[in-house]
Amino acid sequence: MAVSSAAVQPRPSILSRSLSLLADSRNALGFGFMLPAAALLLVFLTYPLGLGVWLGFTDARIGRPGIFIGTENYQYLWDDAVFWLSVFNTLLYTISASILKFVLGLWLALILNQNLPFKSFFRAIVLLPWVVPTVLSAIAFWWIYDSQFSILSWALMEMSLIDHRINFLGDPENARASVIAANVWRGIPFVAITLLAGLQTIPQSLYE
Numbered sequence: 220m221a222v223s224s225a226a227v228q229p230r231p232s233i234l235s236r237s238l239s240l241l242a243d244s245r246n247a248l249g250f251g252f253m254l255p256a257a258a259l260l261l262v263f264l265t266y267p268l269g270l271g272v273w274l275g276f277t278d279a280r281i282g283r284p285g286i287f288i289g290t291e292n293y294q295y296l297w298d299d300a301v302f303w304l305s306v307f308n309t310l311l312y313t314i315s316a317s318i319l320k321f322v323l324g325l326w327l328a329l330i331l332n333q334n335l336p337f338k339s340f341f342r343a344i345v346l347l348p349w350v351v352p353t354v355l356s357a358i359a360f361w362w363i364y365d366s367q368f369s370i371l372s373w374a375l376m377e378m379s380l381i382d383h384r385i386n387f388l389g390d391p392e393n394a395r396a397s398v399i400a401a402n403v404w405r406g407i408p409f410v411a412i413t414l415l416a417g418l419q420t421i422p423q424s425l426y427e
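Okay, so the sequence shown: first residue is 220 according to the numbering used here, each after it adds one.
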């Protein structure tokens, strides 16, 4: 009588079994793909943030580790007028720019959502401030805000709206408004196109 013996299959290793289970589980596979990005965020964001918080409680200087001094640095900042001025400027810049970008972006999105002739062309033109490199935008606004050669001041003087050149960046109030205007000009296209994409998903029957 012939006896047939099945070939003995080698047992899969622990690593291969783990990889097989990982491939079969969608959640585990997703976490596996996230690990490299999470590791980079941990190294380049979380660690510097934690180190910065720790250094805030020391008197460390460049080239000297320093010692723990508690909240002395923060007590100094609390009484520092320059610190509170920077807080005010940051809040003013953030709130004003965000509101203006949203309002103007929504207005522009509503216009672009209409059945206009050459609407594809206009949508492409709207994106130009967003796609222009930041360095080029900064150089352009540097010339626009120049105290001697500002084209904006020249145009306003030619229209007899002002009688002298505007010191855009030398005056604190003008400097705040100028920086906000530059940020709004650059950010409006992104907000407008994002809101326009949302408007395009609304069924036409709802408008009727």
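Glycine residues also receive a C-beta, built at the ideal position from the N, C-alpha and C atoms. Bear in mind that the values here come from a model prediction, so they are computed numbers and not experimental data.
Identity of the residue in the options nearest residue i by Cα
i: Val345; options: Asn393, Ile412 and Trp361; result: Ile412
i: Ala396; options: Ala316, Ile281, Thr277 and Ser339; result: Ala316
i: Thr309; options: Ile399, Ala359 and Ile421; result: Ile399
i: Thr313; options: Gln423, Val403 and Trp297; result: Val403
i: Leu388; options: Glu377, Asp382, Ser379 and Trp362; result: Trp362
i: Leu355; options: Ala401, Trp326, Pro336 and Arg283; result: Ala401
i: Pro391; options: Leu254, Thr420, Ser305 and Asp298; result: Ser305
Backbone secondary structure at residue i - three-state DSSP
i: Phe302; result: helix
i: Gln419; result: helix
i: Phe263; result: helix
i: Phe287; result: strand
i: Leu425; result: helix
Contact check, residue i vs residue j, beta carbons under 8 Å
i: Leu415; j: Leu331; result: yes
i: Ala357; j: Leu418; result: no
i: Ile407; j: Lys320; result: yes
i: Asn386; j: Ser366; result: yes
i: Gly269; j: Asp278; result: no
i: Phe409; j: Trp349; result: yes
i: Gly275; j: Tyr295; result: no
Cβ-heavy atom distance, residue i to the ligand SAH, below 7 Å
i: Arg280; result: Absence of the ligand SAH from the depicted structure is noted, as is the absence of any ligand whatsoever, leaving it without description.
Which parts of the stretch 340 to 371 are runs of the beta strand (DSSP E), unbroken and 3 residues or longer, counting only runs that do not cross its ends? DSSP runs (the beta strand (DSSP E)) wholly in the stretch 340 to 371: none.
Determine contact between the stretch 368 to 377 and the stretch 288 to 295, defined as no fewer than three beta-carbon pairs at a distance below 8 Å. No: fewer than three Cβ pairs fall under 8 Å.
Restricting to runs no shorter than 4 residues, where is the alpha helix (DSSP H) found entirely within the stretch 381 to 416? The qualifying runs do not exist here; there are none.
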